[in-house]
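Below is one structure, written out as structure tokens; the observations come after it.
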Amino acid sequence: MHLYTFSASPNGKRVEVFLKEKNIQLETTEIDIMAGENLSDDFRSRNPMARIPVLKLDSGEMLAESIAICRFLEGLEAEPNLFGLDSKEQALIEMWNRRAEINLFLRVADAFRNNSGVFKDREVVCPEWGAISADAAREAALIFEQQLSDSEFIAGDRYTIADITLTCCLTFARNTGLDLLETQHLADYHERVRSRPSFGK
Ligand SMILES: N[C@@H](CCC(=O)N[C@@H](CS)C(=O)NCC(=O)O)C(=O)O
30 MHLYTFSASP NGKRVEVFLK EKNIQLETTE IDIMAGENLS DDFRSRNPMA RIPVLKLDSG
90 EMLAESIAIC RFLEGLEAEP NLFGLDSKEQ ALIEMWNRRA EINLFLRVAD AFRNNSGVFK
150 DREVVCPEWG AISADAAREA ALIFEQQLSD SEFIAGDRYT IADITLTCCL TFARNTGLDL
210 LETQHLADYH ERVRSRPSFG K
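The sequence shown runs 30 to 230 under the numbering used here.
In structure tokens:
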């Protein structure tokens, strides 16, 4: 297997943390998305969406989408379990992971993309949409704050893929000037979860 990624990106980070939790080592190629290496025909032949991360399987097939990659790896390396053991736990983890992706991660990404104009070489940017997205992320963060007021982790009493998604999103937001850590439980949670060895710096 071979991983194509960009370690400074939040989705690259999700897969990196997952691999470390599982203690899986993969051959990796860094694709510099800032320099547009993901836009080349060569890269698009791996992922027509022109996004990282992409995992090349031993069969030569390409697997994109961070969660799909992690789900595949969980099938190869069962421990520690990060996607849930029974159908109820799997569903709760999926629910929180999707909430974190749809209501927070995508909003944070839109805020960054439209406010910074970093990718204006490849897409139309709209600062007004950036501001709307940042507000929506702040509002959604309150739901996570509420959930964490009586739960150590976002999807129950143990660390799961939903925590990886949420923590990578919160860290990326903070690093790009959108502070979603102004409430106590979310701030404490972020400190706690990102201090795991798998998170690195
Ligand atoms: N839904 C995809 C999103 C992947 C994605 O948006 N990757 C970003 C980096 S975090 C990217 O490749 N951006 C390059 C670009 O927009 O040109 C996933 O979960 O992996």
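Ideal Cβ placement from N, Cα and C applies to all residues, glycine included.
Note that the coordinates shown come from a computational prediction; the quantities given were computed from them, not determined experimentally.
Beta strand (DSSP E) containing T200: first to last residue?
First-last for T200: I190 to N204, but that is the alpha helix (DSSP H), not the beta strand (DSSP E).
Closer than 6 Å: is that where the CB of S162 sits relative to any heavy atom of ligand 1?
no
Confirm the yes/no value for this check: CB of N40, any heavy atom of ligand 1, distance under 6 Å.
yes
Cα-Cα separation, R80 to A160:
24 Å
Straight-line Cα distance separating A202 from D208:
6 Å
Determine the DSSP secondary structure at A138, reduced to helix, strand or coil.
helix
For L114, does the three-state DSSP call read helix, strand or coil?
Here L114 sits in coil by DSSP.
Leaving out the 5 sequence neighbours to the left and right, which residues in its chain are closer than 6 Å to V222 when beta-carbon positions are compared?
The residues are D192 and T196.
Starting from A163, trace the alpha helix (DSSP H) in both directions and tell me its first and last residue.
P156 to L177
Following the continuous beta strand (DSSP E) through V83, name the residue where it begins and the one where it ends.
V83 to K85
Determine the extent of the alpha helix (DSSP H) in which L32 is found, giving its start and end residues.
Taken as a continuous stretch (DSSP letters only), L32 belongs to no alpha helix (DSSP H), being part of the beta strand (DSSP E) at H31 to T34.
Pairwise C-alpha distance: D115 and M30:
In this structure, the alpha-carbon of M30 lies about 28 Å from that of D115.
Is it true that the CB of F35 sits closer than 7 Å to the CB of I62?
yes
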